[in-house]
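Quick notes on the structure that follows.
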Amino acid sequence: MAIERTFSIIKPDAVAKNHIGAIYNRFESAGLTIIASKMVHLSKEQAEGFYAEHSARPFFGALVSFMTSGPVMVQVLEGENAVLANREIMGATNPAEAARGTLRADYAASIDENAVHGSDAVESAAREIAYFFSAEEVCPRTR
Ligand code: RTP
Ligand code: MG
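Heads up: the sequence shown is residues -4 to 138, going by the working numbering.
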């Protein structure tokens, strides 16, 4: 088993509904460790840059509008197979297809407002972590 880091966002819908604590509890209960965390209200430029891979997709404008509609929590999660583990905790992109007990099944209202983001690969995780956190802001456990 590989110890990995992944990048996570609690999106504006879930922050607005006060689900931060419940979602952090899911991460920690699943054995993932929060090693960096902060609240940010994304600018349009930050959101466009973060989701640049989707810039040609029809939903891009709505995605950027949603992601800038209120503050988000951004965090780095560390643990065994953290990238896939977090995707499993999150559930499918469309909450209608998300398995029972996943974050999107429990907290997402629609495919457009789906509560959480998680990196889809180790490489994208490294890029996304660096997009939001300096090296000093990442605090691995020492005990
Ligand atoms: P995320 O990046 O936010 O973790 O979501 P994901 O990997 O599960 O899905 P992705 O394909 O990366 O899409 C990013 C976000 O764009 C919105 N989306 N809408 N209407 C649509 O068909 C559609 N497809 C994607 C979702 O809000 C998704 O989280
Ligand atoms: Mg994605």
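Every residue gets a Cβ at the ideal spot worked out from N, C-alpha and C, and that includes glycine. Bear in mind the structure is a predicted one, so any value in this text is a computation, not a measurement.
(request) From the DSSP output, in three-state form, read off M34 for me. (result) strand
(request) Count the other C-beta atoms from every protein chain shown that fall within 10 angstroms of the C-beta of I18, then say buried if there are 16 or more, exposed otherwise. (result) buried
(request) With hydrogens ignored, establish whether the beta-carbon of D115 is closer than 7 Å to any heavy atom of the ligand MG. (result) yes
(message) Which same chain residues end up closer than 8 Å to N76 when comparing Cβ atoms and leaving out the 5 residues on each side of it in sequence?
(response) M(-4), A(-3) and E(-1)
(request) Examine the ligand RTP and report whether any of its heavy atoms sits within less than 7 Å of the Cβ of I106. (result) yes
(message) Using 8 Å as the cut-off, can you tell me whether the segment 105 to 118 makes contact with the segment 68 to 82, which would need three or more C-beta pairs spanning the two stretches below that distance?
(response) Yes, the segment 105 to 118 touches the segment 68 to 82.
(request) Quickly, what does DSSP pair A75 with across the bridge? List them, please. (result) At residue 75 the sequence reads Glu, which differs from the Ala that was named. I(-2).
(request) Specify, as a first and last residue, the run of the beta strand (DSSP E) that E113 falls within. (result) The sequence given here has Gly at residue 113, not Glu. Unbroken beta strand (DSSP E) run through G113: V111 to G113.
(request) Please state whether DSSP places V133 in a helix, a strand or coil. (result) coil
(message) Going by DSSP, what residue range makes up the alpha helix (DSSP H) through E43?
(response) K39 to F45
(message) Taking the alpha carbon of A57 as the reference point, which residue from S105, E118, R122 and D101 has its own alpha carbon closest?
(response) Restricting attention to S105, E118, R122 and D101, the CA atom closest to the CA of A57 is found in S105.
(message) What does the alpha-carbon distance come out to for the pair E43 and A80?
(response) Taking the CA atoms as reference points, E43 sits about 26 Å from A80.
(request) Determine, using beta-carbon pairs with one atom in the segment 50 to 66 and one in the segment 6 to 13, whether at least three such pairs fall under 8 Å. (result) yes
(message) Which of the three DSSP states is assigned to S105 in this structure?
(response) coil
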